[in-house]
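Notes follow the structure.
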Amino acid sequence: APAPAPAAKRTATCAEMNTQLWSFKAEQVVAECHAKRAARAAERAKLVVGKAPGKEAKSYSRTAPKRAQGFADQAMAAKNPSRAANRAFRTSQEAAALSGAIAPAKNRPQNRPQGAVLFATTEDKGFSGNGLEARQAARNAWKAARQASKAQGKDRRLNIAADRAELQAWKTARTAGWIK
């Protein structure tokens with residue numbers, strides 16, 4: 001079974017970082033932990049294409065993998081935790097859409113920037129078993145990444161929670177048969 005996508009170089013996940021690295025004098029190191037999570041989410045997005053059931057997952061399958069990789073690349077290039085966390089969140093969002101866990105909101109607020117898409121959770125009615133668990137885990141990874149991003153990527157607890165949620169999304173996607 002393939003492991004989550006490797007980062008371009010060996011970088012600790014936020015969960016693997018020791019307390020010294022959380023001093024935030026090493027902002028690049030913290031940014032890299034978000035980039036590593038983004039790389040994992042982009043790889044998950046690529047691997048689940050066409051395997052997750054539901055109309056939401058299918059409607060996103062043409063463009064989301066490319067967008068997910070683009071956001072992951074931006075996270076890798078980011079020099080500060082805030083931008084890296086935001087791009088990791090956007091990557092997770094695309095992976096969650098491909099899992100059918102979220103979809104563009106039907107009512108888009110007028111104050112959104114041009115072209116911005118507001119996502120909302122989807123209903124899980126009609127889903128059960130491993131597929132339901134995989135959808136829920138993808139949704140939880142998206143929510144956890146959003147929380148880490150809202151905290152400017154600097155809240156250790158939220159960053160670790162986002163890492164763990166991404167790993168759980170991988171695990172449940174494998175169990176559901178979406179990732180070999």
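In the UniProt record's numbering, the protein residues as written are 1 to 180.
Heads up, the beta-carbon is just placed ideally off N, CA and C, and yes, glycines get one too.
Out of the options, state which residue places its alpha-carbon closest to the alpha-carbon of residue i.
i: R37; options: S128, W178, A144 and R62; result: A144
i: S82; options: R174, G177, C33 and T172; result: C33
i: Y60; options: L98, D155, Q136 and E166; result: L98
i: D73; options: A35, I102, Q28 and D163; result: A35
i: A31; options: L167, L132, A151 and Q168; result: A151
i: N130; options: A84, K51 and A26; result: K51
i: T91; options: Q147, I160 and E43; result: E43
i: A101; options: K79, S128, A162 and A134; result: A134
i: N159; options: A85, P65 and K55; result: A85
Any idea if residue i is buried or exposed, counting beta-carbon neighbours within 10 angstroms, 16 or more meaning buried?
i: G126; result: exposed
i: P104; result: exposed
i: P113; result: Only weak support is given to the placement of P113: the predicted model assigns it a pLDDT of 49, under 50, and the question is left unresolved by the model.
i: A77; result: exposed
i: G177; result: exposed
i: T63; result: exposed
When you compare only the Cα positions, how much space is there between residue i and residue j?
i: A88; j: Q69; result: 10 Å
i: V49; j: R67; result: 13 Å
i: I179; j: D124; result: 20 Å
i: D155; j: R164; result: 14 Å
i: E27; j: E166; result: 22 Å
How do the region 132-142 and the region 161-177 stand: do at least 3 beta-carbon pairs fall below 8 Å, yes or no?
-> yes
List in chain order: all unbroken beta strand (DSSP E) runs of 3+ residues lying wholly within the region 73-144.
-> 102-104 and 119-121
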